[in-house]
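Participant:
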Ligand code: UD1
Ligand code: CA
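Here's what the structure looks like:
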């Protein structure tokens with residue numbers, strides 16, 4: 002078995018992004034571009050992975066972690082110069098080296114594998130992954146001879162009028178015989194429009210040495226999109242989104258409008274879940290069978306139970322049980338745990354709160370730092386007063402309690418099992434089990450007084 006190595010080019014700043022964030026760290030579907038590249042390469046059997054870093058090296062290394070070795074390219078003198086930086090680690094090795102740009106996040110491991118296989122079968126010293134582009138502007142063009150063999154690659158900025166008409170582009174991904182690569186790199190010059198050491202020049206150098214060079218045409222241009230600016234970044238986002246959505250639909254998830262649904266790569270969704278438009282599901286979220294999510298809902302790092310329904314709402318870092326109804330317009334904040342068959346209605350905010358089976362917080366309430374038992378009913382406009390400006394305190398509402406509308410529960414406080422709190426109460430003492438607690442001023446009616454006020458001169 003031939004040894005396989007990878008060099009990932011990730012040292013550029015990405016001037017065309019017009020951003021303080023280094024180019025390869027711009028996210029596509031919530032994950033830095035270069036991480037997509039590394040993730041896909043990981044499922045190809047590789048003996049060594051070397052990433053070339055420069056601008057933002059610390060940040061890039063932090064994202065990629067131990068999956069790769071790193072070499073710093075102090076000055077960004079071009080893609081050929083970038084690969085040269087890996088020579089200490091690779092130069093003497095026998096085998097195949099794939100070179101990939103950190104700004105082509107959509108290439109799949111299937112394509113990488115197909116390129117390796119094609120290269121190794123053909124016996125070529127270099128194989129370029131090419132694609133047919135509808136609009137080849139900005140890409141290097143693949144120039145073939147009359148026999149259809151790849152002769153060289155010419156950069157857009159160096160191309161003449163005839164070469165600009167070529168629509169077969171260099172995707173920036175190549176397989177090389179490792180030693181042929183490092184020896185040809187010695188001959189690359191920077192005599193071109195950009196004054197850079199171009200990696201694609203290696204192709205022509207190998208041809209001049211009468212070595213075999215091959216081209217492997219990717220069947221899907223979309224996969225090879227290179228992201229140099231924000232317009233391409235949005236195109237990449239769209240392609241990735243549809244790819245992820247298609248995977249879920251094929252696995253039995255109903256996505257009403259795949260163009261309007263954003264699901265990040267780590268999300269797990271079971272069969273017969275229905276997702277309505279305007280929904281964004283991110284992080285390590287799992288959605289169990291038959292749940293219905295959206296429209297216009299944001300869910301991040303949550304477990305959503307079977308058959309639950311979340312509409313027009315936001316939920317983060319929380320666990321939601323089976324058969325739960327949330328929204329419209331509810332906000333489930335981190336560290337909340339919502340039991341089975343619970344109802345959280347409109348304009349309700351839940352923060353760091355556990356709600357047990359079959360309880361209801363149906364309208365206009367805030368439950369923060371609280372534990373609600375089962376079968377609890379929270380009346381409209383109830384507030385847990387959890388914060389004194391310095392510390393947060395706990396509210397406990399035991400099973401079967403019934404809290405009347407517009408009550409303030411001043412924590413720390415416990416509302417006992419089966420008790421009632423009268424509407425409009427401000428509760429600052431524990432309510433005993435089965436008691437009725439009334440904490441409000443007594444009403445007085447002054448007969449005829451309104452009339453008297455009206456008739457005042
Ligand atoms: C490059 C190719 C072009 C191809 C296109 C595909 C060259 C000269 N041109 O052009 O033929 O069609 O990719 O998307 O290779 N980088 C470094 N160090 C450097 C320069 C670049 O690490 O000194 C990295 C960048 O961070 C980036 C990658 O190499 O991830 C490609 O560089 P970029 O400037 O984007 O090249 P393109 O102009 O897109
Ligand atoms: Ca690029």
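Residue numbers (our numbering): 2 to 458.
Glycine is no exception: its CB is placed at the ideal position from the N, C-alpha and C atoms.
Keep in mind the model is a prediction, meaning the values are calculated, not measured.
For my contact list, residue 101 and residue 42 are in at a C-beta cut-off of 8 Å; report their separation, rounded to the angstrom.
Facilitator: That belief holds up - the Cβ atoms of residue 101 and residue 42 are roughly 7 Å apart, short of 8 Å.
Participant: Evaluate contact between the region 116-134 and the region 200-215, counting only Cβ atoms and requiring at least three cross-stretch pairs below 8 Å.
Facilitator: Cβ pair count under 8 Å is three or more, so yes.
Participant: If you draw a straight line from the alpha carbon of residue 420 to that of residue 412, how long is it in whole angstroms?
Facilitator: Cα-Cα distance, rounded: 17 Å.
Participant: Cβ of residue 78 versus every heavy atom of ligand 1: is any distance shorter than 7 Å?
Facilitator: The answer is yes for residue 78.
Participant: Please confirm whether residue 536 and residue 290 have their CB atoms less than 8 Å apart.
Facilitator: Past the boundaries of the shown model lies residue 536; the chain is included only from 2 to 458, so the question cannot be answered.
Participant: Are there 16 or more other CB atoms within 10 angstroms of the CB of residue 166, so buried, or fewer, so exposed?
Facilitator: Exposed: under 16 other Cβ atoms inside 10 Å.
Participant: With respect to 7 Å, is the separation between the Cβ of residue 104 and the closest non-hydrogen atom of ligand 1 below this value?
Facilitator: Under cutoff, so the answer is yes.
Participant: Assign residue 58 to one of three DSSP states: helix, strand, or coil.
Facilitator: The answer is helix: DSSP assigns residue 58 an H, G or I state.
Participant: Please classify residue 454: is it buried, with 16 or more other beta-carbons within 10 angstroms of its beta-carbon, or exposed?
Facilitator: Burial call: exposed.
Participant: In or out: residue 16 buried (at least 16 other Cβ within 10 Å) or exposed?
Facilitator: Exposed: under 16 other Cβ atoms inside 10 Å.
Participant: Leaving aside the five residues before and after residue 297 along the sequence, list all residues of the same chain whose C-beta is less than 6 Å from its C-beta, in chain order.
Facilitator: Cβ neighbours of residue 297 beyond the five flanking positions: 279, 313.
Participant: On a Cα-Cα basis, can you pick out the residue from 147, 171, 146 that is closest to residue 157?
Facilitator: Taking only the C-alpha atoms, the option nearest residue 157 is 171.
Participant: Classify residue 392: buried if its beta carbon has 16 or more other beta carbons within 10 angstroms, exposed otherwise.
Facilitator: It is exposed - the Cβ of residue 392 has fewer than 16 other Cβ atoms within 10 Å.
Participant: Taking just the CA atoms, how far does residue 137 sit from residue 203?
Facilitator: Rounded to whole angstroms, residue 203 to residue 137 spans 21 Å at the Cα level.
Participant: If we ignore side chains and look at the alpha-carbon of each, how far apart do residue 447 and residue 456 end up?
Facilitator: One C-alpha to the other measures close to 16 Å.
Participant: Can you list, in chain order, the residues of its chain whose CB lies under 7 Å from that of residue 359, leaving out five sequence neighbours each side?
Facilitator: Only 342, 343, 375, 376 meet the Cβ criterion.
Participant: Ends of the alpha helix (DSSP H) at residue 18?
Facilitator: Note, residue 18: premise wrong, no alpha helix (DSSP H); not H, not E.
Participant: Hey, out of 232, 267, 442, whose CA is closest to residue 304's CA?
Facilitator: Closest option to residue 304, Cα to Cα, is 267.
Participant: Taking C-alpha atoms, which residue in 425, 416, 442 lies nearest to residue 431?
Facilitator: Answer by Cα proximity: 416.
Participant: Taking residue 146 as part of the beta strand (DSSP E), name the residues at either end of that continuous run.
Facilitator: Premise fails: residue 146 is in no beta strand (DSSP E) and is neither H nor E.
Participant: Go through the region 128-214 residue by residue and report every complete run of the alpha helix (DSSP H) that reaches 4 residues or more, in order.
Facilitator: Taking only runs of at least 4 residues, the alpha helix (DSSP H) segments lying wholly in the region 128-214 are 162-165, 179-186, 202-209.
Participant: Judging by CA-CA distance, which residue of 405, 22, 82 is the nearest neighbour of residue 424?
Facilitator: Checking every option, the nearest Cα to that of residue 424 belongs to 405.
Participant: In the structure shown, what three-state DSSP assignment does residue 28 receive?
Facilitator: Correct three-state label for residue 28: strand.
Participant: Out of 187, 39, 46, 91, point me to the one whose CA is closest to residue 66's CA.
Facilitator: Closest by alpha carbon: 39.
Participant: Kindly confirm or deny that the region 56-75 and the region 173-191 touch, where touching means at least three C-beta pairs closer than 8 Å.
Facilitator: Judged by Cβ distances under 8 Å, the region 56-75 makes no contact with the region 173-191, as fewer than three pairs qualify.
Participant: Measure how close the beta-carbons of residue 186 and residue 81 come, nearest whole angstrom, since I'm counting them as under 8 Å.
Facilitator: Between residue 81 and residue 186 the Cβ distance is about 6 Å, and since that is below 8 Å, they are a contact.
Participant: Taking 7 Å as the cut-off, is the CB of residue 25 close to at least one heavy atom of ligand 1?
Facilitator: Yes - ligand 1 has a heavy atom lying nearer than 7 Å to the Cβ of residue 25.
Participant: Give the range of the beta strand (DSSP E) segment to which residue 250 is assigned.
Facilitator: Residue 250 -> not in any beta strand (DSSP E); alpha helix (DSSP H) instead, spanning 231-251.
Participant: DSSP three-state call for residue 71: helix, strand or coil?
Facilitator: Looking at residue 71 - three-state DSSP - the assignment turns out to be strand.
Participant: Of the residues 381, 339, 231, 379, which one's Cα is nearest the Cα of residue 356?
Facilitator: Nearest C-alpha to residue 356: 339.
Participant: Hey, would you say residue 329 sits closer than 8 Å to residue 347, going by beta carbons?
Facilitator: Cβ distance < 8 Å, so residue 329 and residue 347 count as in contact.
Participant: Could you tell me the distance, in whole angstroms, from the CA atom of residue 370 to the CA atom of residue 324?
Facilitator: Cα-Cα distance, rounded: 23 Å.
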